[in-house]
Amino acid sequence: MVMWFSLSVRRLRLRPSPISVISILSASPSSSSHIQNPSADDDNFEHLRLTTLRTLGAPTRLFTTRRALDVLSCYKLSLASISSSSGTAESGGNQRPEGGGKTQPTKSSSCWIQTFLPESVQPYALLARLDKPIGTWLLAWPCMSITMAAPPGELPDLKMLALFGSGAVLLRGAGCTINDLLDRDIDIKVERTKSRPVASGILTPFQGLSFLGLQLLLGLGILLQLNNYSRILGASSLLLVFSYPLMKRLTFWPQAYLGLTFNWGALLGWAAIKGGLDVAIVLPLYCSGVCWTLVYDTIYAHQDKEDDLKVGVKSTALRFGSSTKGWISGFGAACITCLAVSGYNAELALPYYPFLVAAATQLGWQIMTVDISNREDCNNKFVSNKWFGALINQGLGFEKLFCAEFECFHTSIKIGPLSVLFLYTPYIQDVYREKLFRAESERPDM
Numbered sequence: 001m002v003m004w005f006s007l008s009v010r011r012l013r014l015r016p017s018p019i020s021v022i023s024i025l026s027a028s029p030s031s032s033s034h035i036q037n038p039s040a041d042d043d044n045f046e047h048l049r050l051t052t053l054r055t056l057g058a059p060t061r062l063f064t065t066r067r068a069l070d071v072l073s074c075y076k077l078s079l080a081s082i083s084s085s086s087g088t089a090e091s092g093g094n095q096r097p098e099g100g101g102k103t104q105p106t107k108s109s110s111c112w113i114q115t116f117l118p119e120s121v122q123p124y125a126l127l128a129r130l131d132k133p134i135g136t137w138l139l140a141w142p143c144m145s146i147t148m149a150a151p152p153g154e155l156p157d158l159k160m161l162a163l164f165g166s167g168a169v170l171l172r173g174a175g176c177t178i179n180d181l182l183d184r185d186i187d188i189k190v191e192r193t194k195s196r197p198v199a200s201g202i203l204t205p206f207q208g209l210s211f212l213g214l215q216l217l218l219g220l221g222i223l224l225q226l227n228n229y230s231r232i233l234g235a236s237s238l239l240l241v242f243s244y245p246l247m248k249r250l251t252f253w254p255q256a257y258l259g260l261t262f263n264w265g266a267l268l269g270w271a272a273i274k275g276g277l278d279v280a281i282v283l284p285l286y287c288s289g290v291c292w293t294l295v296y297d298t299i300y301a302h303q304d305k306e307d308d309l310k311v312g313v314k315s316t317a318l319r320f321g322s323s324t325k326g327w328i329s330g331f332g333a334a335c336i337t338c339l340a341v342s343g344y345n346a347e348l349a350l351p352y353y354p355f356l357v358a359a360a361t362q363l364g365w366q367i368m369t370v371d372i373s374n375r376e377d378c379n380n381k382f383v384s385n386k387w388f389g390a391l392i393n394q395g396l397g398f399e400k401l402f403c404a405e406f407e408c409f410h411t412s413i414k415i416g417p418l419s420v421l422f423l424y425t426p427y428i429q430d431v432y433r434e435k436l437f438r439a440e441s442e443r444p445d446m
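Read left to right, the sequence shown gives residues 1 to 446 (this note's numbering).
1. Work out the CA separation of L277 and A390 for me, nearest whole Å.
2. My output table needs one value for P245: the three-state DSSP class, helix, strand or coil.
3. Output needed for A334: all residues of its chain with C-beta closer than 7 Å, excluding positions within five of it in sequence on either side, in chain order.
4. Straight-line CA distance for Y296 to K381?
5. Pull up the CB-CB distance for S230 and A271, whole angstroms please, since I reckon it's below 8 Å.
6. What number of angstroms, rounded off, separates the C-alpha of A346 from the C-alpha of M144?
7. Residue ranges of each alpha helix (DSSP H) run of no fewer than 4 residues wholly in the stretch 119 to 179, ordered along the chain?
8. As a quick exercise: from K310, M247, L182, N263, pick the residue whose alpha carbon is nearest that of L127.
9. Name the residue from P197, I392, Y257, G153 whose alpha carbon lies nearest to the alpha carbon of P123.
10. Given a cut-off of 8 Å on the beta-carbon distance, is the pair T293 and F320 in contact?
11. Roughly how many whole angstroms lie between the Cα atoms of A168 and I134?
12. Please state whether the Cβ-Cβ distance between L216 and R172 is less than 8 Å.
13. Over the uninterrupted alpha helix (DSSP H) stretch that includes Q225, give me the two end residues.
14. Cα-Cα, which of L260, G364, S315 is closest to L238?
15. Decide if P142 is buried, meaning its Cβ has at least 16 other Cβ atoms within 10 Å, or exposed.
16. Leaving out five residues on either side along the sequence, give the residues of the same chain with a beta carbon under 6 Å from the beta carbon of V313.
17. Distance, Cα to Cα, A27 vs I273?
18. Please return the same chain residues whose Cβ sits closer than 6 Å to the Cβ of N227, not counting the five positions on each side in sequence.
19. By Cβ distance below 6 Å, which residues in the same chain neighbour A149 in space, the five residues on each side in sequence not counted?
20. Anyone know if the C-beta pair for L233 and L285 falls short of 8 Å?
21. In chain order, what residues of the same chain lie with their CB nearer than 7 Å to the CB of D377, ignoring the 5 residues before and after it?
22. Identify whether E399 lies in helix, strand or coil by the three-state DSSP scheme.
23. For Y352, collect the residues of the same chain with a Cβ closer than 7 Å to its Cβ; drop the 5 residues on either side in sequence, then sort them by chain order.
24. Go through the stretch 250 to 286 residue by residue and report every complete run of the alpha helix (DSSP H) that reaches 4 residues or more, in order.
25. Output the distance between the C-alpha atoms of L203 and S210, rounded to the nearest integer angstrom.
26. Jot down the residue ranges of each uninterrupted alpha helix (DSSP H) in the stretch 360 to 386, minimum 4 residues, whole runs only, in chain order.
27. Within 8 Å (strictly less), CB to CB, does N345 reach chain B?
28. With 16 other CB atoms within 10 Å as the buried threshold, where does T361 fall?
29. With a Cβ-Cβ cutoff of 8 Å, do Q303 and N379 count as a contact?
30. Thinking C-beta only, is Q225 closer than 8 Å to L170?
31. Return the chain-ordered list of same chain residues with a C-beta closer than 7 Å to the C-beta of N263, the five sequence neighbours on each side being excluded.
32. What does a CB cutoff of less than 8 Å around I367 pick up in its chain, not counting 5 residues either side in sequence?
33. Any idea if K132 is buried or exposed, counting beta-carbon neighbours within 10 angstroms, 16 or more meaning buried?
34. What residue from F252, I281, T177 has the CA that sits closest to S315's CA?
35. Count the other CB atoms within 10 Å of the CB of V383; is the residue buried (16 or more) or exposed (fewer)?
36. Quick one: give me the first and last residue of the alpha helix (DSSP H) that A349 is part of.
Put into structure tokens, the structure is as follows:
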């Protein structure tokens, strides 16, 4: 095992980072067969530790440095995970998939938290799910209304994008904190969630509440930088955020309630730019987000339907059962239709719609190919939704940049591929205006 690792790293002719070391070791075909219990033989581990440092090019006398210890800590955790996986496979049990969402987190997935954050901060980072950014993406993409509200020919307000991006991180973290505080009695009974900071006892409920207060305070700082209408609208979303974790106990449609919560940014983004709401535009956009959430979160919920039955938690996955694909196909069609209606009412130009078709194709691929009985496939399809949101936002961005109309002396100019230069080079704009003025002046009177 040691020889294999040494040759593998030397063959790369690089100094790998801690995460790349884990990747190499995790891919070893003989790891689980040679080391079943990495903590059982300290002498072997010490030998492997020194060999690892020599292979990485670090002097042996520096083996106590933080970086070396981080590498070895991550490696030891990886071996423990491999050993556990081997034991599960040999016993015929079902292993949970790696990744984000409602699956057991792997040690390597949170390795950056263990490497770069102080030990006292790590539980709070895990409580906010900073190791699983997919939730932040899904919360941020509905804020595409910021781009939709931008004037033709202009990029969206970069300050607003930064504020809403930061707000997405904070609000997602606050939502996860509330969820873990309210569900700690359930989480402790479920294998995949019993290691969460509050459920496992690493953090007390009081510490969780204190962390929640800090996140909400920072979020308030962001909200106060918006206009008054947006402040009221943003504050009203807290009712949804705080009540969502209770919905899984009350109804089989918590995913619909999550859709109302997660897509509030569609309303807030437009209001932050325009100072109010255009119902004909933002209502279809908001409804499209709710339908989209019903698609991806139903797929997400199928990972835990057995555990949900045991603990008495409700979900659309249990409500739809074997008819899931039919239901989410309908929600997917409604999502695309609402996006088209919103774009039409906003008078979006042609470049938006090819991206909408591409996004519809991606969503259709998810629905048609997902295996709702396979946890790993459900997780992969769930995570792929970040690309759906990215496609829609790319379409809005291209529409704003490449189809701006420049009105000058009653002449409508369609800006082509050089629109970026036109928009951001004042000199080119001045030259262009001068040419248009000359052409208009030299045109004979009719």
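Backbone N, C-alpha and C fix where the C-beta goes; we use that ideal spot for every residue, glycine too.
Please read all numbers here as calculations on a predicted model, not as lab measurements.
According to the data block:
1. Counted from its first residue, the sequence shown places residue 390 at position 390. Counted from its first residue, the sequence shown places residue 277 at position 277. So the alpha carbons of these two residues sit roughly 24 Å apart.
2. The sequence position of residue 245 within the sequence shown is 245, counting from 1. The answer is helix: DSSP assigns P245 an H, G or I state.
3. Position 334 of the sequence shown, counting from 1, holds the residue named residue 334. Excluding positions up to five away in sequence, the list reads C291.
4. Here residue 296 refers to the residue found at position 296 of the sequence shown. Here residue 381 refers to the residue found at position 381 of the sequence shown. One C-alpha to the other measures close to 8 Å.
5. Along the sequence shown, one-based indexing puts residue 230 at 230. Along the sequence shown, one-based indexing puts residue 271 at 271. The pair is a contact, with the Cβ atoms about 5 Å apart (cut-off 8 Å).
6. Here residue 346 is taken as the residue at index 346 of the sequence shown, counted from 1. Here residue 144 is taken as the residue at index 144 of the sequence shown, counted from 1. C-alpha separation (whole angstroms): 13 Å.
7. Taking 4 residues as the minimum length, the alpha helix (DSSP H) runs contained wholly in the stretch 119 to 179 are 122 to 127, 134 to 140, 145 to 148, in order along the chain.
8. One-based indexing of the sequence shown puts residue 127 at position 127. Nearest of K310, M247, L182, N263 to L127, Cα basis: L182.
9. Here the question's residue 123 lines up with position 123 in the sequence shown. Taking only the C-alpha atoms, the option nearest P123 is P197.
10. Stepping through the sequence shown from its first residue, residue 293 is reached at position 293. Stepping through the sequence shown from its first residue, residue 320 is reached at position 320. No, the Cβ-Cβ distance between T293 and F320 is not below 8 Å.
11. As a first step, residue 168 must be located in the sequence shown, where it is residue number 168. As a first step, residue 134 must be located in the sequence shown, where it is residue number 134. One C-alpha to the other measures close to 11 Å.
12. Indexing the sequence shown from 1 puts residue 216 at position 216. Indexing the sequence shown from 1 puts residue 172 at position 172. Cβ distance not < 8 Å, so L216 and R172 don't count as in contact.
13. If you number the sequence shown from 1, residue 225 lands on position 225. Here Q225 belongs to no alpha helix (DSSP H), and DSSP marks it neither H nor E.
14. Numbered from its first residue, the sequence shown carries residue 238 at position 238. Nearest of L260, G364, S315 to L238, Cα basis: L260.
15. Walking along the sequence shown from the start, residue 142 turns up at place 142. Answer is buried; the Cβ neighbour count reaches 16.
16. Counted from its first residue, the sequence shown places residue 313 at position 313. If we look at V313 and ignore the five residues flanking it on each side, its Cβ neighbours are K248.
17. Start at 1 with the first residue of the sequence shown, and residue 27 comes out as number 27. Start at 1 with the first residue of the sequence shown, and residue 273 comes out as number 273. Bear in mind that a pLDDT of 42 at A27, under 50, signals an unreliable position, so the number given afterwards is only what the model happens to contain. Annotation: A27 to I273 spans about 49 Å, alpha carbon to alpha carbon.
18. What you label residue 227 is simply residue 227 of the sequence shown in a count that begins at 1. Here the set comprises G275.
19. Locating residue 149 in the sequence shown gives position 149, counting from the first residue. Hits under 6 Å: W270, I273, K274.
20. By 1-based counting over the sequence shown, the position of residue 233 is 233. By 1-based counting over the sequence shown, the position of residue 285 is 285. No, the Cβ-Cβ distance between L233 and L285 is not below 8 Å.
21. Position 377 of the sequence shown, counting from 1, holds the residue named residue 377. Cβ neighbours of D377 beyond the five flanking positions: V370, D371.
22. To locate residue 399, count along the sequence shown from 1; it is residue 399. Three-state DSSP puts E399 in a helix.
23. The count along the sequence shown starts at 1 and reaches residue 352 at position 352. Only G343, G395, L396, E399 meet the Cβ criterion.
24. 254 to 262, 264 to 274
25. Taking the first residue of the sequence shown as position 1, residue 203 is located at position 203. Taking the first residue of the sequence shown as position 1, residue 210 is located at position 210. Each residue's Cα considered, the two are about 11 Å apart.
26. Those alpha helix (DSSP H) runs which fall completely within the stretch 360 to 386 and span 4+ residues are 375 to 383.
27. No chain B is present in this structure, which holds just one protein chain.
28. In the sequence shown, counting from the first residue as 1, residue 361 sits at position 361. Around the CB of T361, fewer than 16 other CB atoms lie within 10 Å, so the residue is classed as exposed.
29. Indexing the sequence shown from 1 puts residue 303 at position 303. Indexing the sequence shown from 1 puts residue 379 at position 379. Contact flag set, yes.
30. Reading the sequence shown from its first residue, position 170 is the one you call residue 170. Reading the sequence shown from its first residue, position 225 is the one you call residue 225. The Cβ-Cβ distance between L170 and Q225 does not fall below 8 Å.
31. Within the sequence shown, numbered from 1, the residue matching residue 263 stands at position 263. Once the five neighbours on either side are set aside, the close Cβ partners of N263 are P142, Y286, G289, V290, T293.
32. Position 367 of the sequence shown, counting from 1, holds the residue named residue 367. Cβ within range, chain order: V295, K325, I328, S329, G332.
33. If you number the sequence shown from 1, residue 132 lands on position 132. By the 10 Å Cβ count, K132 comes out buried.
34. By 1-based counting over the sequence shown, the position of residue 315 is 315. Ranking F252, I281, T177 by Cα distance to S315 puts F252 first.
35. Position 383 of the sequence shown, counted from the start, is the residue given in the question as residue 383. Buried: at least 16 other Cβ atoms inside 10 Å.
36. Stepping through the sequence shown from its first residue, residue 349 is reached at position 349. Neither: A349 is in no alpha helix (DSSP H) and is coded neither H nor E.
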